[in-house]
Amino acid sequence: MTAAPEPSPGHRQEVHVSSRVKASGRSRASARRTRPGSSASRSKAAKPAAAAPRRSAAAKAAAVRRPAAGKAGSRRTAAGASAAGSGAGRQLPALHGSLSVVISARNEEQTLLKLLDQVTRLKPLEIIVVLNGCSDRSFQRTRLCPQATIVHIPESAGHDVGRSLGAKLSRGDILLFLDGDMVIPARHMSLFAEAVDGGVDVALNDLDHLLPPFALSDAVTRCKMYLNAVLGRSDLGVSSMTAVPHAMSRKALERIGYRELMVPPKAHALSIMRQLRVEKAGTVNVIKHNRLRQSNTGAGNAMEQLIAGDHAEALAQVLGEQQASGRLSESHLQEQRRQMAAWRNAL
Amino acid sequence: MSLKHTRTSARRTGRRALQPKRRISRPVRPAVPFPAANHPAPYVSVIIPAMNEAGTIGKVIAGAREVHPRCEVIVVVNGSADNTAEIALALGAHVIHFEQPLGHDVGRSVGAEAAKGEVLLFIDGDFVLNASQLRPFVAAVSHGTDVALNDYSGPVRQEFPHPVVLSKHVLNIMLGRPDLKGCSLTAVPHALSRRALASLGSGLLSRPPLAHAQAVLEGLQVKAVHKVPVGRLNAVRPKQAGTDPLREVILTDHLDAAGLVLQRRGERAGFIDGNRRRGMVR
């Protein structure tokens, strides 16, 4: 998607930027091509963050631009705020509880600052950025956001461990979990925080209507769907704590245990089994905007394997629970089969 | 008008048309009917659990007979109030009769117990399949496959499939066999080798998802060999107060099968954990 250049309010711009983020080389190039046509302020804001590090010729210019990034960022915030006021016609609703935003990032220098910009608009109590094995300038980028608390793990701690660490450090009543690889408009993030503020314990991203026919879906989608079915929550579709953004209450965090967050499907299963209010809260198309990496494309990729393993852990949890409650006992099974046969025979 | 020079097609004109039409001699299978009785030393055992299937059993047996010249047909009649057993007997099948219903899929275990063949072919008494639909399963097992599955994954056009279809797919993912899609021992027709039966045990066949998981875990050669879209052939049975008891049974079996995988391959079912350093969070 390459948005046609138009005199757009601030939030439009974010759509444009994020579409470039997901891009493989082809659409990235086309996005760049459209930029000169866009408004001057937009191209200025986007350039230092995105274009400079990629171009080798810009190595010299980068040093000059870096301080400008902060300036451009602040100007953009101002533009964004005015857009929220006039263009979108609504202010982000104030939350009753305090908000902690946990962002996990791995080499996301391209997007972090723009994301932080949007996050700031939520007026959170704190922003915890977990930089997990970053070898680029993510750290320097994040430093430009004065509110961000940075957890820097030089050597990668592994997938989703950062989420768990961030949760442990958080203090707010509401926890919003994000990934550093995609810029989401503040008003979209706000939906999840608002849901938790309104009494939901775990507010999930609803991806149901973005699904392909089942025959074409990937293993991760199938696992998520199955886990919800096993938990008796088919109504959740494929919504899962595996997907960002999602938010949870402090109560949920305490009941699940922050350690479990490093295996999101397990945390998901626990939250349902421990009678928390788990609901869908809004849709952010993370499928489209997900950054394509070598490890997350193609059937049977490493990421798919990892998440399948996570779901295995979640199923182990569910099975353990059911065995304890006696649903899978031998006598129960025999009774079930006998009833079934009798029912069939009645035909 | 002479019959000899009748024009049979537009192309048969000119000199060749005057020559007598060439007869193509095609080797024709000898019209020896397959014996209407079980072979004393069968190669294929066809196992047919049946419950009140008088309407179809005759044709089902007839189809089964033609699968192989050395064939035995075993019909496990259970809980039938009609004359299923009599029809099967009259057609020379080995009939194992139970007054009471055995329970879902238990007939498969009973039939397998009695089977003498090298290849065990499992079909159902409620839909008629002709031999050409069944031979690929037997052929696959004769060529070294241990578990020859029906290459049918159920209806998968919608975003959200039937829970049973979903369960089958996810069980295969957990088994590390996503290539099998939704194919499973749950669906007939399928065939087992003698080796597979020895490894699984006939008792486990009553719970097909567990047998399926066990077969993969044991390293048997499991393969989807031929598609028979049985979904359309299955009888639609009335639901009982909104719930489908069959569905519950199958879902439970699948969950148990997943449990079996976890038991054998560890909590993560043998999948990688990336480079998670779990000790970092305490």
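Respectively, the protein sequence lines represent chains Z and H.
Each step along the first sequence adds one to the number in the UniProt record's numbering, with nothing skipped, and position 270 is 270.
Each step along the second sequence adds one to the number in the UniProt record's numbering, with nothing skipped, and position 121 is 121.
Glycine included, C-beta positions come from ideal geometry on N, C-alpha and C.
A quick note: this is a predicted structure, and the numbers were derived from the prediction, not measured.
- Take the alpha-carbon of proline 265 of chain Z and the one of valine 228 of chain H: they are about 35 Å apart.
- Contact annotation, glutamate 254 of chain Z with aspartate 181 of chain Z: C-beta distance approximately 29 Å; criterion of less than 8 Å not satisfied.
- Taking C-beta atoms as the reference points, alanine 114 of chain H and isoleucine 96 of chain H count as a pair closer than 8 Å.
- For cysteine 223 of chain Z, the enclosing alpha helix (DSSP H) stretches over residues 219-230.
- Annotation: arginine 70 of chain H has no Cβ neighbours in chain Z at a cutoff of 7 Å; minimum Cβ distance is about 33 Å.
- The residues Leu175, Arg177, Val222, in chain order, have a CB closer than 7 Å to that of valine 216 of chain H in the same chain once the five nearest residues on each side in sequence are set aside.
- Using a Cβ-Cβ cut-off of 7 Å, arginine 259 of chain Z is close to Val281 of chain H, given in chain order.
- The beta carbon of arginine 268 of chain H sits closer than 8 Å to some beta carbon of chain Z.
- Between leucine 231 of chain Z and valine 318 of chain Z the beta-carbon gap is near 7 Å, inside 8 Å, which marks them as a contact.
- Contact annotation: the segment 119-127 of chain Z does not touch the segment 210-228 of chain Z, with fewer than three C-beta pairs closer than 8 Å.
- The three-state reading of DSSP puts phenylalanine 127 of chain H in coil, since its state is none of H, G, I, E or B.
- The beta carbons of alanine 267 of chain Z and methionine 303 of chain Z sit no closer together than 8 Å.
- Inclusion of isoleucine 184 of chain Z and glutamine 140 of chain Z in the CB contact set at 8 Å is not warranted, their separation being larger than that value.
- Collapsing the DSSP output to three states places histidine 311 of chain Z in a helix.
- Residue pairing of serine 164 of chain Z in beta bridges, as defined by DSSP: absent, with no partner found.
- A buried status is given to isoleucine 153 of chain Z, since no fewer than 16 other beta-carbon atoms sit within 10 Å of its beta-carbon.
- Proximity of chain Z to aspartate 273 of chain H at the Cβ level (cut-off 8 Å) is accounted for by Gly158, Leu306, Gly309, in chain order.
- Runs of beta strand (DSSP E) with 3 or more residues, each lying fully within the UniProt domain "Glycosyltransferase 2-like" (100-203) of chain Z, are found at 126-132, 148-153, 174-179, listed in chain order.
- At a C-beta separation below 9 Å, leucine 204 of chain H has no neighbours in chain Z, since its nearest C-beta there lies roughly 13 Å away.
- Between the alpha carbons of proline 161 of chain H and threonine 142 of chain Z lies a gap of roughly 43 Å.
- Against chain H, the beta carbon of valine 161 of chain Z has neighbours under 8 Å at Arg276, Arg277, Arg278, Met280, Val281, listed in chain order.
- Residue environment: arginine 121 of chain Z is assigned as buried (16 or more neighbouring CB atoms within 10 Å of its CB, all protein chains considered).
- Taking aspartate 235 of chain Z as reference, the option from Z/Val278, Z/Leu144, Z/Asp310, Z/Gln305 with the minimal CA-CA separation is Z/Val278.
- In terms of Cβ geometry, asparagine 130 of chain H and leucine 102 of chain H do not form a close pair [threshold 8 Å].
- Segment contact: the segment 183-201 of chain H against the segment 144-162 of chain H, three or more CB-CB distances shorter than 8 Å; contact assigned.
- Chain-order list of chain H residues neighbouring valine 230 of chain Z: Leu255, by C-beta distance under 7 Å.
- A residue is called buried once 16 or more other Cβ atoms fall within 10 Å of its Cβ, and glycine 198 of chain Z, having fewer, is exposed.
- Bounds of the beta strand (DSSP E) holding alanine 148 of chain H are 147-150.
- In terms of CA proximity to asparagine 275 of chain H, Z/Ile307 leads the group Z/Ile307, Z/Ala186, Z/Ala324.
- By the C-beta density criterion, glutamate 99 of chain H is exposed, having fewer than 16 other C-beta atoms within 10 angstroms.
- Counting along the chain, proline 49 of chain H sits inside the beta strand (DSSP E) bounded by residues 44-50.
- In the DSSP annotation of this structure, the continuous segment of the alpha helix (DSSP H) that includes glycine 63 of chain H starts and ends at 57-65.
- In this structure, aspartate 105 of chain H lies away from isoleucine 48 of chain H, with their beta-carbon atoms at least 8 Å apart.
- Residue state for phenylalanine 98 of chain H is assigned as strand, using DSSP reduced to three classes.
- Closest in alpha carbon position to histidine 143 of chain H, among H/Ala64, H/Ala85, H/Val225, is H/Val225.
- Between the alpha carbons of glutamine 91 of chain Z and leucine 116 of chain Z lies a gap of roughly 18 Å.
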